[in-house]
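Just below is one structure, and these are the notes that go with it.
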Amino acid sequence: MATATAAVPQTGVTALLKHRVVGKLLLLALAAAILIPIANARWASGTWPDALTVDLSEPLGKASDWIIDNRDSHPLFLYFFGHISNAVVLSVRTVYLVLLAAGWAGVTAAAALVAWRVAGVRLAIGTGVAFLACGLLGMWVPTMQTLALMVVAVLASVVLGMLLGLAAGLSDRTFRALRPVLDTMQVLPAFAYLLPVVLVFGIGVPAAVLATVVYAAPPMARLTALGLRGADAGVMEAVESMGTTARQRLLTARLPLARKELLLGLNQTIMMALSMAVIASVIGAGGLGDRVYQALASVDVGAALAAGIPIVLLAVVLDRVTGAAGERMGSGSSQSGRSGWKPWGYAAVVAVAVALAGRFTDRLDWPEAWLVNIAEPVNRAVDWMTDHLYSGVPYIGGTADWAGHFTTWVLDPVRDGLQWLPWWSVLLIVATLAWLIGTWRTALTAVLAMAAIGVLGVWNPSLDTLSQVLAAVAVTLVVGFAIAVAAARSERVERLLRPVLDVFQTMPQFVYLIPVVALFGVGRAPAVAAAVVYALPAVVRITTQGLRQVNPAAMESSRSLGATSWQQLRQVQLPLARPALLLAINQGVVLVLAVVIIGGLVGGGALGYDVVFGLAQGDLATGLVAGGAIVCLGLMLDRVTQPTERRTRKGA
Amino acid sequence: MRTKTTAKPMLRTRMLPAVAGVSALLVLTGCGAADMTKQASPFAGVQGAKTVTLSVQSWVGAQANVAVAQYLLERELGYRVDTVQVDEVPAWDALSQGRIDAILEDWGHPDEEQRYVKDKKTIAPGGDLGVTGHIGWFVPTYFAKQHPDVTNWKNLNKYADQLRTAESGSKGQLLDGSPSYVTNDKALVANLDLDYQVVFAGSEAAQITQIRQFAKEKKPFLTYWYTPQWLFEKVPMTEVKLPAYKEGCDADPKKVACAYPHTPLQKYLNADFARGGGEAAAFLKNFKWTTEDQNEVSLMIADQKLTPEEAAKKWVAGHESTWRAWLPK
Amino acid sequence: MTTSTPGKTTAVEPVFSVEGLWKVFGPKAERIPGDPELGALNAAELRARTGCTAAVRDVSFEVGKGEVFVVMGLSGSGKSTLVRCLTRLIEPTAGTIAIDGEDVRAMDATRLRELRRHRASMVFQHFGLLPHRSVLDNVAYGLEIQGVAKDERRKRAQEVVAKVGLEGMEQRRPGQLSGGQQQRVGLARALAVDPEVLLFDEPFSALDPLIRRDMQEEVIRLHREEGRTMVFITHDLNEALRLGDRIALMRDGRVVQLGTPEEIVGSPADDYVREFVRDVPREQVMTVRTAMRPADADEAERGPAIAPEATVSEAIEAVARSGFPVRVMDDGRCLGVVDHERLLGVVAGTYTKTAAGTESKTAAGTESKTAAGTESKTAAGTGSKEVV
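Chains as they are written, first to last, in full-length UniProt numbering: chain W, 1 to 652; chain A, 1 to 329; chain S, 1 to 388.
Take a look at the structure:
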């Protein structure tokens, strides 16, 4: 859709853009000419001037102390947070008990039957196999813990998201107020949510669930609102013309019409909840994430993988099943034959029967004899890899050498360069980029976000982090585009790639922490590597799709003109896929930033380390400030790389 | 426009179930005060079993303690044990809230001890673990043998060049570990005028991996490390002498210029659990072993890649006299 | 055509009566209708002056019971806005609308809902079906929102589904139907609530020509069977001529001419209308009543007889066969005759031309119309005032 709009008025837009660009640049130059001498005279320093920082560590430290001292006495905690926390514990516990009572056979049967009902036989088999695999890997109980946490978190997210979405979907004012908030929340790295909830709820499941809800509800709210607002105006008018009440319109038309978006929202919410539930192991969520985290302590990649695989399996199953359900509903066709509650009844009966059978044969716990130990072979493979690739590989050098060169020749110069730049020139560059690519509003947001970093007093570490992010994004884009081009040209490559991408996208980032260090040593280089691994799948996927969706007519005509495939790629596919490429860049940036904190765990230092430090030491001042700075960086980078939507809207 | 006018009544009707749901939850959780510092983990105590929740810190020694304690609690005393990995300081908070019942290895947190043990009395001391911990700077023994004088901090600057990495730039690299560990290294480097850059590995896993990679290549390195630690068995390391530790020389974190102390590691229990935890609490108070014992288990877990349970089983089989004494009479 | 059908002319009480209706979009729209100076501006001027767009300007008409009233115009002429004003799907800016004498604009929300539920049902260009419901449930939707019990509404929906020829497709989803079938569902949905008036908003413009013709037949058939009042919006002149008892031709929000198809084709009110109807095969629209001239003495006794409602093309056939002028006979009385000259005049279009040479003919035609043709229509309550 966007391809067409971007493609046709290409020349017109560029001309216009040039025009606007000149105007904007002149304006900025003018502003700079006035403001910079003032700023320079007043606060002459290369880095952010101390006079302009606000030290939050004392108030934050005090707040944290106050909370710890009053958590068991203050009414706010006793009568509000206490109840929330209690409700969470109660619900998670209930779900967990039900899951345990159903036993492994019952849960597997129930999951497979649900998958069968909503998504068909193939996915039902897949679901069953996935659950059995969790058991085989010796992860049954942790899987159930994660599942219990997920069920509660997803339900809460869906309810919360739907309510917000309804409000925003039905009222323009709420929508306008909510939209930027939701957009921003989608950019924020998951870790940023952990500290504030820990501050209030302390370590444990309630904090984990609430962080998950806060993280996973926005997509639901967003898509609900969009779905409700996007209801076919013709249908809505027809429904109104029949004398429906507002409530009838909502229940019989607007909501059902939005069911595709609602299911997509559910899908996204589930995926985000899962990733958060894993990350939340840092704050005591327990379950699979905790097993991964524990395995790391003994530098046991195999064990980490054994806990990581169930996460991937859960993610893939949940994604496919909800996705398939969404597609079925969207086409609206299949239901004629299978509607009604009866099959559901049968499914429920079968599930209960299996669960009871498990109970009576005393097979509730996963049998110990059925365990498969994958840790050893995996560890051997990892050892082999690190033994043979780390250094001394003939001609190309080992990975450690690459890491060293990358640090010396890329990361250091970029970081030093950024830190060398006077603070106001950084702001100016941000303003220019954001304005060129968006509106004055985006520019303002970006500049304010960047300035906030300075005010928080973490200017230098933030620039350090920024340099890592930039380097990682560059690597991701180069590698990602190359892979995507290959995948877009060959079906087979894409088919081979798909499961790999799935795995990398859902594998908890903790798991590849050790291999990354084993290959690249400790420092910023492995942090960049971890970020690349994490961001690559999304970039590859979006780019491949963008290249694939290029108008076939344009491709055909260029082929008919005798273009070589390289010419086709360069002159037709890439230009036409521009919106997708820009989106890929934006996503790349956002995702890379999301793993900055993981980077902190492998020696990336800077903001990521500060957040980890804050979490580990209970030092909320350091952690929150660094988290805030990451959020600001995220906002700034998002605004600087998010042009498509606005520009197409303007051009239209 | 039209939607807006219609939105209000709709919302009102939609809100009803939500309000009802919230109030139902409130009723369910009890209408009065809810003290969340008294809430146990939702995963604890299921299926009628008595449950003990233990905190596992991120280093293997702590895992070894927990593995053996868990094994014995489950096999000998019939408990169900949950383990949660939490960093040290948050673990104190969680212990105070009763979300975990015990910390088996604490390296000394005077602030938290003051707050929770002395002021709030929500945490009770559980006695010595029997292991003495010590933090220090280490170089690999193969390097120390070649250059014996490296083991004195005064000579460290001589070796800065050899200890350089890409990450530390023009200075020598002092490898630090997890942010949760007690460290004065930045201050030490500054106050002792050392030409070194502290590089934080960010996690112990990363640090260990890096050390092993260095060792494999017989490269020199300087690292923050601690004993007891199983890694010494794999990578023999020699401590670098820092200015001697004197009581109170580390009082001001900014002015520290002395070595780290030797700390007898402590156990801590949640106060309520210590009182009403029955056999489990008694067992955990009695739990006491030696550095060698701990290292034996750690090594099995970390190096032979046994599961903590298998490692515990092996150790338990060979040390019956030791653990028999821990069981409550 | 049906203008002189006795049943119609006698049913004089109007179902809808619209008086001075305005719909203006834009800021402070309500000042425009009251201001004669602003009201006189054309669309572009009005937009420049006030930022407003007048979609419907001072429109008045009445729709008689059992009548098919067609509003015709090109896109942007305001016809769709007009029909939506009737049930206040779009809130009018000024003027009065009455249904069966009851003021629609004064209705409160409940009363208005009653109106939409029971009295006026609408069929839409893009069908507006609920994609997640089966055909049967779509048809029953109107009854469902009225609170009719499930069995009852299914039963009634089933009947209507049969009536529009969709048997066997009850369980399909709209997405599985062709456009024509979907519109049958739309029609059935409107019929299911048994409304007093059916409102059609360009219902067939999205359909293929052949299907469109089928659907028009369907509407004609339904009208013949049930005699329900219909207001029909279209931009297709042929459709308007086929279906309409009377046609209001709209341009820029105003009704430029209101009359029977014959009047519109036969005597266009201005150049715009004339241009519009230029290509219409007028011999199929014009009746002999309009085309006839007074009979000479001998002609009244001789030649083939024909009813006054017969089209000119039928008369041509008769004249060609007999070679004589045809007598227009009503109840055994000879109203007049049509001869070669008259018939050719109709076909050639010279008959209504205002060019100097044929002035007299036009005058004669108009005379004859007022004399014989549309007095019944006028009686039905649609005086000449509507023709703005």
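Built from N, CA and C at the ideal position, the CB exists for glycine as well.
Alpha carbon to alpha carbon, what distance is there between residue j and residue i?
i	j	result
residue 363 of chain S	residue 260 of chain S	Per-residue confidence for residue 363 of chain S stands at a pLDDT of 35, beneath the threshold of 50, marking its modelled position as unreliable; no derived number is given.
residue 638 of chain W	residue 590 of chain W	7 Å
residue 582 of chain W	residue 549 of chain W	15 Å
residue 511 of chain W	residue 67 of chain A	22 Å
residue 539 of chain W	residue 99 of chain W	37 Å
residue 601 of chain W	residue 236 of chain W	53 Å
residue 325 of chain S	residue 265 of chain S	23 Å
residue 110 of chain A	residue 311 of chain A	33 Å
residue 356 of chain S	residue 233 of chain W	Only weak support is given to the placement of residue 356 of chain S: the predicted model assigns it a pLDDT of 33, under 50, and the question is left unresolved by the model.
residue 13 of chain S	residue 19 of chain S	15 Å
residue 378 of chain S	residue 258 of chain S	With a pLDDT of 35 at residue 378 of chain S, under the threshold of 50, the modelled position of this residue cannot be trusted; read the value that follows with caution. Those two C-alpha atoms are separated by around 11 Å.
residue 387 of chain S	residue 234 of chain S	With a pLDDT of 34 at residue 387 of chain S, under the threshold of 50, the modelled position of that residue is not reliable, and no figure is offered here.
residue 636 of chain W	residue 452 of chain W	10 Å
residue 366 of chain W	residue 109 of chain W	14 Å
residue 569 of chain W	residue 577 of chain W	10 Å
Output yes or no for whether 9 Å exceeds the beta carbon distance between residue i and residue j.
i	j	result
residue 573 of chain W	residue 547 of chain W	yes
residue 243 of chain S	residue 276 of chain S	no
residue 614 of chain W	residue 468 of chain W	no
residue 140 of chain A	residue 220 of chain A	yes
residue 21 of chain S	residue 98 of chain S	no
residue 86 of chain A	residue 291 of chain A	no
residue 60 of chain A	residue 230 of chain A	yes
residue 149 of chain W	residue 286 of chain W	yes
residue 43 of chain S	residue 253 of chain S	yes
residue 106 of chain W	residue 495 of chain W	no
residue 543 of chain W	residue 488 of chain W	yes
residue 322 of chain W	residue 118 of chain W	yes
At which residues does the alpha helix (DSSP H) containing residue i begin and terminate?
i	result
residue 467 of chain W	459-489
residue 227 of chain W	205-229
residue 180 of chain W	172-187
Whose Cβ in chain S lies nearer than 8 Å to the Cβ of residue i?
i	result
residue 259 of chain W	132
residue 253 of chain W	130
Note down, in chain order, every chain A residue with its Cβ under 7 Å from the Cβ of residue i.
i	result
residue 427 of chain W	By Cβ distance, chain A contributes nothing, its closest Cβ being about 27 Å from residue 427 of chain W, past 7 Å.
List the residues of chain W whose Cβ lies closer than 8 Å to the Cβ of residue i, in chain order.
i	result
residue 117 of chain S	242 and 243
residue 390 of chain S	This structure leaves residue 390 of chain S out entirely; chain S is present only between 1 and 388.
Between which two residues does the beta strand (DSSP E) holding residue i run?
i	result
residue 267 of chain A	262-270
residue 124 of chain A	123-140
residue 60 of chain S	53-64
residue 23 of chain S	14-25
List the residues of chain W that residue i touches, going by C-beta distances under 9 Å, in chain order.
i	result
residue 305 of chain A	298, 300, 302, 303, 375, 376 and 379
residue 164 of chain A	Here the premise fails: no neighbours, minimum Cβ distance about 10 Å.
Taking C-beta pairs closer than 7 Å, name the residues in chain W that residue i reaches, listed in chain order.
i	result
residue 209 of chain A	299, 514, 517 and 518
Chain A partners of residue i, CB-CB under 8 Å?
i	result
residue 534 of chain W	Residues of chain A passing the Cβ test: none, with the nearest at roughly 16 Å.
Under 7 Å between beta-carbons, which chain S residues line up against residue i? List them in chain order, please.
i	result
residue 343 of chain W	Within 7 Å Cβ-Cβ: nothing; residue 343 of chain W doesn't reach chain S, min ~17 Å.
* **Residues from the segment 128-148 of chain S in contact with chain W, defined by Cβ distance under 9 Å** => 128, 129, 130, 131, 132, 133, 134, 141, 142, 144, 145 and 146
* Quick one, which residues of the segment 312-330 of chain W are near chain A if we go by CB-CB under 8 Å, in chain order? -> none
* For the segment 158-190 of chain S, enumerate the residues whose C-beta is nearer than 9 Å to any C-beta of chain W, in chain order. => 171, 172, 173, 174, 175, 176, 186, 189 and 190
* Going along the chain, which residues of the segment 608-629 of chain W sit with their C-beta nearer than 7 Å to a C-beta in chain A? -> 609, 612, 613, 615, 616, 617 and 618
* To do: Closer than 8 Å, Cβ to Cβ, to anything on chain A: give me those residues from the segment 126-147 of chain W, in chain order.
  => 145
* Asked: When Cβ atoms are compared, which residues of the segment 170-185 of chain A fall closer than 8 Å to chain W?
  -> 175, 178, 179 and 180
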